[in-house]
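Taking it in order: structure first as structure tokens, then the write-up.
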Amino acid sequence: MIPKMRNVHPGAILKMELVEGRKLSVSEISKMLDTTETNISKILNGYASISHNMALKIEAVFGVSAAFFMRLQATYDLEEASKLQA
1 MIPKMRNVHP GAILKMELVE GRKLSVSEIS KMLDTTETNI SKILNGYASI
51 SHNMALKIEA VFGVSAAFFM RLQATYDLEE ASKLQA
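Numbered per UniProt numbering, the sequence shown finishes at 86, counting up by one with no gaps.
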């Protein structure tokens, strides 16, 4: 049997890459993505989803496919919903 992997919010992946990897601050990221620091903070800490528009901004600025983040978000959301059904 294949063990289930822990469900990781896509914001955590974004945080690892941008904050920890590229050493960018929330302020810098928010300016680059033309959004508020509050919005970025919520995404990075798993309190807000990555919207389609935000995924497109991430793709334009950082070169990571918008579809990649949409798949991560959909997978995360589905897993969270299935926990509520159990």
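Glycine included, every Cβ here is placed at the ideal spot set by N, Cα and C.
Less than 8 Å between the beta carbons of residue i and residue j, yes or no?
i	j	result
residue 37	residue 26	yes
residue 55	residue 69	yes
residue 23	residue 44	no
Counting along the chain, where does the alpha helix (DSSP H) carrying residue i start and finish?
i	result
residue 53	52–62
residue 76	66–85
residue 33	No alpha helix (DSSP H) contains residue 33, which DSSP labels as neither H nor E.
residue 15	10–15
residue 44	37–44
How long is the line joining the alpha carbons of residue i and residue j, rounded to whole angstroms?
i	j	result
residue 11	residue 85	24 Å
residue 50	residue 58	10 Å
residue 31	residue 13	19 Å
residue 65	residue 34	18 Å
residue 52	residue 72	12 Å
What whole-angstrom Cβ distance do residue i and residue j have, given they're in contact under 8 Å?
i	j	result
residue 9	residue 46	4 Å
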